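Working notes, beginning with the structure itself.
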Amino acid sequence: MGSPPMLDAAFARWLAERAGQALVEVRAELGYADPGALRAAGDKVSHDLLRTELARWRPADAVLSEEDEGARLAWAAGVDGAVPRLSAERVWIVDPLDGTREFAEEGRADWAVHVALWARRASQEHGLVGGAVALPAQHRVLGTDFPPAYPPLTAEAASAGSGRPILLAASRSRPPAFLEDLAEALGARLVPMGSAGAKIAAVIAGDVDAYVHAGGQYEWDSAAPVAVAMATGLHASRIDGSALRYNEADPRLPDLVVCRKDLAVPLLAALRQHGG
């Protein structure tokens, strides 16, 4: 395939797209008869590809990947392996397969590959300077090199006087307990989806207006889609309105809000009342 692009944002897109294609091939080769085996194979193939290409083309940079052994627990146990990442100038934060459950279900397209770059000298608090989200089964890649135009409008939203409710992307498997109360307060409708990357991509595309999550996520779940969302001009923060921060000693980042900027103030206000 030759050398990848030199610029980091374009490289992130190239890398996410390559990993996504590899996952499509794994799906085609193994089929869906054994979902557990398919999930394991997908995780490994994508992780190995990302790690190999990053070692080859960005050897001086550190990497935080969901599939690195012990990634979730290294910080708690004081494992020395976390130190190079915390002292590095640049860290690639990757999720080789976001939405493994959906990946192993035939016909589902709401799974993704995340590739983000954090830099110590970044101008914004979150530290993200580039990123890409590949949605292989949807045949698209969203990246900070060519962020979609803001604000996105669906045909329904653009129609005069549509009066449609606010659409909130929600986890299929573990939505926050407060989400139904939040939706009722906002006059919103919940739209269940798979991976975090797919949900934030839906906000970026204008298919939904917001994504709210609390509990059970790590930096790799949101870094790349948040980088693209913010490059697009969307709002992204913790549910209390504080800044998202990446490459922390503790990689848990359990809650976030991504939404249209015009919705941020009322949504955060409603979260203060109904955010658990």
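Numbered per numbering that gives the first Met the number 0, the sequence shown spans residues 0 to 275.
Cβ atoms here follow ideal geometry from the backbone N, Cα and C, with glycine treated the same way.
Bear in mind that the values here come from a model prediction, so they are computed numbers and not experimental data.
If you draw a straight line from the Cα of L96 to the Cα of V112, it is about 5 Å long. Distances from the alpha-carbon of L252 to those of G215, V93 and D180 put G215 closest. Proximity to T231 across D239, V202 and L116 peaks at V202, based on C-alpha coordinates. Within the same chain, and ignoring the five residues on either side of L37 in sequence, the residues whose Cβ sits closer than 8 Å to its Cβ are V25, R26, L29, G30, Y31, F102 and A103. By the Cβ-count criterion, D94 is buried, with 16 or more other Cβ atoms from all chains shown falling within 10 Å of its own Cβ.
For L127, the three-state secondary structure derived from DSSP is strand.
An exposed status is given to S2, since fewer than 16 other beta-carbon atoms sit within 10 Å of its beta-carbon.
DSSP lists W91 as the bridge partner or partners of V62.
When DSSP states are grouped into helix, strand and coil, G35 belongs to the helix group. Residue range E218 to T231 is occupied by the alpha helix (DSSP H) that includes S221. Setting aside the 5 residues that flank it on each side, E218 is surrounded in the same chain by I92, Y245, P250 and L252, each with a C-beta closer than 6 Å to its C-beta; the list follows chain order.
The region 225-239 makes contact with the region 139-150: 3 or more CB pairs, one atom from each, lie closer than 8 Å. Going by C-alpha positions, D47 is about 9 Å away from E66. Residue pairing of I165 in beta bridges, as defined by DSSP: A187. The beta carbons of E16 and A133 sit about 5 Å from each other, so the pair counts as a contact at 8 Å.
When rounded, the separation of the alpha-carbon atoms in P4 and V62 is 19 Å. P58 counts as exposed, since fewer than 16 other beta carbons sit within 10 angstroms of its beta carbon. As the crow flies, the alpha-carbon of D254 is around 21 Å from that of G129. Residue range D7 to L29 is occupied by the alpha helix (DSSP H) that includes R12. For H234, the enclosing beta strand (DSSP E) stretches over residues H234 to S236. If you draw a 10 Å sphere on the C-beta of L22, you find 16 or more other C-beta atoms in it, and that means buried. Contact check for A209 against V264 fails: the beta carbons are separated by 8 Å or more. For R139, the enclosing beta strand (DSSP E) covers residues R139 to G142. Rounded to the nearest angstrom, the gap between the Cα atoms of H273 and S221 is 23 Å.
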